[in-house]
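Residue numbers (my numbering): 21 to 212.
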């Protein structure tokens with residue numbers, strides 16, 4: 021087993037821990053994920069995984085494949101146990117993200133697919149960030165922190181480093197590293 025395979029396996033393991041923790045928090049009603057974000061993130065993870073596969077990213081792509089599956093499981097749980105306060109802004113972000121998905125299909129280029137997916141991901145992050153800003157105790161700080169580590173390991177496990185294979189996990193990493201301090205800050209300002 022190569023070093024990249026070990027790191028790729030660790031990335032999947034971190035994803036499993038993050039996902040199990042987040043699902044446990046959902047069913048315990050400790051967190052209330054926004055289904056709109058998770059549905060879009062699942063679709064985007066599939067796109068990113070496909071681009072990484074085509075570009076032969078190797079073990080670095082394993083985490084994205086696992087993340088796609090996990091996003092859809094969390095999205096399903098979110099429908100029943102997640103955020104119910106859906107604002108006009110949430111709908112705009114959701115519809116914008118959904119309308120942008122066919123654009124990547126027309127590119128026939130994995131790089132453009134990943135660039136577009138990364139932009140869509142940032143838009144899809146809005147409902148989660150908005151909800152987390154107002155109710156920071158209803159979001160899983162530990163799960164997002166572990167997920168950030170998963171993306172770091174995923175990038176480290178890539179067989180080759182191109183914008184196509186690194187951009188999307190790097191986007192997720194940056195977005196999570198934005199949410200984590202926001203949650204920490206808001207938890208000091210908003211009572212539990």
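We put the CB at the ideal spot given by N, CA and C, even for glycine.
Assuming contact is defined by CB atoms lying nearer than 8 angstroms, are residue i and residue j in contact in what I supplied?
| i | j | result |
| --- | --- | --- |
| residue 83 | residue 170 | yes |
| residue 178 | residue 78 | yes |
| residue 190 | residue 175 | yes |
| residue 63 | residue 136 | no |
| residue 210 | residue 80 | no |
| residue 144 | residue 117 | yes |
| residue 61 | residue 141 | yes |
| residue 155 | residue 101 | no |
Should residue i go down as buried or exposed, given a rule of 16 or more other Cβ atoms within 10 Å for buried?
| i | result |
| --- | --- |
| residue 129 | exposed |
| residue 115 | exposed |
| residue 40 | exposed |
| residue 198 | exposed |
| residue 138 | buried |
| residue 86 | buried |
| residue 180 | exposed |
Please go through the same chain and pick out, in chain order, the residues whose beta-carbon is closer than 8 angstroms to the beta-carbon of residue i, but skip the five residues on each side of it.
| i | result |
| --- | --- |
| residue 200 | 161, 164, 165 and 168 |
Which same chain residues end up closer than 7 angstroms to residue i when comparing Cβ atoms and leaving out the 5 residues on each side of it in sequence?
| i | result |
| --- | --- |
| residue 66 | 88 |
| residue 59 | 95 |
Which of the three DSSP states, helix, strand or coil, is assigned to residue i?
| i | result |
| --- | --- |
| residue 141 | helix |
*Enumerate, from N- to C-terminal direction, the unbroken alpha helix (DSSP H) stretches of 4 or more residues contained entirely within the stretch 71–110.*
Contiguous alpha helix (DSSP H) elements confined to the stretch 71–110 occur at 82–101, taking only those with 4 or more residues.
*asked:* Please give me, in chain order, every unbroken run of the beta strand (DSSP E) with length at least 3 that falls completely inside the stretch 33–60.
replied: Complete beta strand (DSSP E) runs here, min 3: none at all.
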